[in-house]
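In numbering that gives the first Met the number 0, the protein residues as written are 0 to 320. Input: a single structure, listed below in structure tokens.
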Amino acid sequence: MSSLSVYVTRAIPEAGIAALVGAGVRVRLNPLARSLRPEELREEVGRYDGVVCHLTDRIDETVLTAAAPRCKVFANCAVGTDNFDVAAAAQLGITLTNTPDVLTEATADLAWALLMATARRLGEAERVVRAGAWRGWGMLDFLGVDIHGKTLGIVGAGRIGTAVARRAGGFSMKVLYCDREPMAEIEALGARRVGLVELLETSDFVSLHTPLTEETRHLLDENGMRRMKREAVLINTARGAVVDQTALAEVLREGRIAGAGFDVYENEPLVPPDFLALENVVLLPHIGSATLATRSRMAEIAAENVIAVLRGEPPMNVVTE
Ligand code: GLV
0 MSSLSVYVTR AIPEAGIAAL VGAGVRVRLN PLARSLRPEE LREEVGRYDG VVCHLTDRID
60 ETVLTAAAPR CKVFANCAVG TDNFDVAAAA QLGITLTNTP DVLTEATADL AWALLMATAR
120 RLGEAERVVR AGAWRGWGML DFLGVDIHGK TLGIVGAGRI GTAVARRAGG FSMKVLYCDR
180 EPMAEIEALG ARRVGLVELL ETSDFVSLHT PLTEETRHLL DENGMRRMKR EAVLINTARG
240 AVVDQTALAE VLREGRIAGA GFDVYENEPL VPPDFLALEN VVLLPHIGSA TLATRSRMAE
300 IAAENVIAVL RGEPPMNVVT E
């Protein structure tokens, strides 16, 4: 494949580059420490046979049109595919791939960490210590909410939602879930399927795990949030736009729910200023899959997907509508 070349839109772990180079592909890496702007991306993509890209790259019809006819594949280093225009790619004969499975456990670990941090007010407590403002132990200080024995509501019982539900078993939690159809794997863990409204009204923790689609955009709106228990905690490690952030800021400010933990935002890297002003919100910078082992394997899988397409073989993870 020595005459083939692949563009990598932003730095990836060395394992991914090594996989491409090992397959005899010439690699060109965006040298900037930022994602390319759409016009920069359009300028690059048509010169390569394949592209390894990221969830921060909007691979829309204009980019795909600029990539064709030479470029045959865009491989996302992510499980989410809401940055892809799948229909346009199909029309242009460009294959889109993603990296499911490999990041399930790391992302579920992070969702669980965020759940615990939010329930027990870790962000707020650490800020006090770091500010040198801790005056010693106090019985009434930093009172959070219990996790063990409570009810966890999983919205979207795919791989990651199910892996989060599995962790709840260690905390003797009751698990509810909602999804378009019954999901055998989560039910085998003892989870019960309910409608979204019942889940919101009865869960102590609500954790979002749906992909972002037209159907799930602002799935959790003001009406839904106001159905949640006052002591409930909301966790979002899916996509920011699954939640109406403006409504959530209002609900949190009013103390209508106990807190929220966010790893994702509607317009990243913009974090709603209202969230920053609230103590009962734990804010992370989209790090769900961010372990060295997981990110390295994601990069390798993206590279393997590109190599397969360029060899005329079926890639492992094709994204279709
Ligand atoms: C991360 O958000 C991913 O989709 O992999």
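Positions of the beta carbon are idealized from the N, C-alpha and C atoms, including for glycine.
Could you pull out every residue in the same chain whose Cβ sits closer than 7 Å to the Cβ of residue i, ignoring the five residues on either side in sequence?
i, result
"Thr-103", "Arg-158, Ile-159, Ala-162"
"Ala-86", "Glu-320"
"Ala-246", "Asp-220, Glu-221, Met-224"
"Glu-194", "Position check: residue 194 holds Gly in this sequence, whereas Glu was assumed. Cβ within range, chain order: Cys-177."
"Met-297", "Cys-76, Thr-98, Val-101, Leu-102, Ser-288"
Per the DSSP calculation, residue i is bridged to which residue(s)?
i, result
"Ala-170", "With the sequence shown as reference, residue 170 is identified as Phe, and Ala is not the correct amino acid for it. Phe-170 is not bridged to any residue."
"Gly-321", "Outside the displayed span of the chain (0 to 320) sits residue 321, for which this structure offers no information."
"Cys-52", "Asn-75"
"Ser-4", "Arg-25"
"Leu-309", "According to DSSP, Leu-309 bridges with nothing at all."
"Ala-259", "Leu-233, Val-280"
"Val-317", "Thr-96"
"Arg-321", "The first residue shown for the chain is 0 and the last is 320, placing residue 321 beyond what the model contains."
"Val-242", "Leu-219"
"Ile-58", "Phe-83"
Closest to residue i by CA distance: which of the options is it?
i, options, result
"Leu-199", "Met-315, Arg-179, Glu-221", "Glu-221"
"Val-144", "Pro-210, Ser-2, Gly-15, Leu-114", "Leu-114"
"Ile-146", "Cys-52, Leu-109, Ala-118", "Ala-118"
"Arg-33", "Leu-54, Arg-46, Asp-48", "Leu-54"
"Asp-262", "Ala-116, Thr-293, Asp-203", "Ala-116"
"Gly-79", "Leu-282, Arg-226, Val-26, Asp-56", "Asp-56"
"Ile-11", "Asn-29, Arg-25, Ser-4", "Asn-29"
"Phe-255", "Ala-301, Ala-183, Arg-226", "Checking the displayed sequence, the identity of residue 255 turns out to be Arg instead of Phe. The shortest Cα separation from Arg-255 among Ala-301, Ala-183, Arg-226 belongs to Arg-226."
"Phe-274", "Arg-27, Leu-19, Leu-91, Gly-122", "Gly-122"
"Pro-314", "Leu-95, Glu-39, Ala-86", "Leu-95"
"Ala-167", "Lys-228, Ala-112, Ala-17", "Ala-112"
"Arg-9", "Arg-229, Pro-272, Ala-74, Ala-65", "Ala-74"
"Asn-316", "Ala-231, Lys-228, Val-72", "Val-72"
"Glu-253", "Glu-267, Pro-272, Arg-229", "Arg-229"
"Glu-38", "Val-20, Thr-61, Leu-31, Leu-19", "Thr-61"
Rounded C-beta distance between residue i and residue j? I'm assuming under 8 Å.
i, j, result
"Leu-63", "Ile-93", "6 Å"
"Leu-151", "Val-174", "5 Å"
"Asp-59", "Asp-84", "5 Å"
"Ile-306", "Ala-67", "That belief does not hold up - the Cβ atoms of Ile-306 and Ala-67 are roughly 20 Å apart, past 8 Å."
"Val-196", "Met-224", "At roughly 12 Å, the Cβ-Cβ gap does not stay under 8 Å, so Val-196 and Met-224 are not in contact."
"Ala-14", "Glu-299", "5 Å"
"Cys-76", "Val-51", "6 Å"
"Gly-49", "Val-318", "So it is not a contact: roughly 14 Å between Cβ atoms."
"Thr-98", "Ala-301", "6 Å"
"Tyr-6", "Arg-27", "5 Å"
"Arg-41", "Ala-17", "Going by Cβ atoms, the distance from Arg-41 to Ala-17 rounds to 28 Å, so no, they are not a contact pair."
"Val-205", "Leu-233", "5 Å"
"Ser-202", "Ala-248", "So it is not a contact: roughly 21 Å between Cβ atoms."
"Val-127", "Trp-136", "No, Val-127 and Trp-136 are not in contact; Cβ-Cβ is about 12 Å, not under 8 Å."
"Leu-211", "Asp-81", "4 Å"
Go through its chain and collect everything with a Cβ distance to residue i's Cβ below 8 Å, but skip five positions before and after it.
i, result
"Ala-164", "Leu-151, Ile-153, Ala-156, Val-174, Tyr-176, Ile-185, Leu-188, Ala-190"
"Pro-181", "Arg-192"
"Arg-69", "Gly-45, Arg-46, Tyr-47, Asp-48"
"Val-281", "Leu-113, Ala-116, Thr-117, Leu-121, Gly-122, Gly-258, Ala-259, Gly-260, Phe-261"
Which same chain residues, not among the five before or five after residue i, have their C-beta less than 6 Å away from its C-beta?
i, result
"Glu-265", "Gly-239, Ala-240, Gln-244"
"Thr-215", "Thr-209, Val-241"
"Phe-141", "Arg-120, Ala-124"
"Pro-284", "none"
"Gly-287", "Thr-106, Leu-109, Thr-236, Asp-262"
"Arg-25", "Ser-4"
"Gly-148", "Ser-171"
"Leu-277", "Leu-251"
"His-217", "Asp-243"
"Gly-169", "none"
"Leu-19", "Val-5, Val-26, Ala-302"
"Thr-293", "Leu-102, Ala-105"
"Leu-91", "Leu-63, Ala-67"
"Ala-88", "Leu-63, Leu-95"
- Residue ranges of each alpha helix (DSSP H) run of no fewer than 4 residues wholly in the region 273-302, ordered along the chain? none
- Segments assigned alpha helix (DSSP H), at least 4 residues, entirely inside the region 73-132: 85-91, 103-118, 121-129
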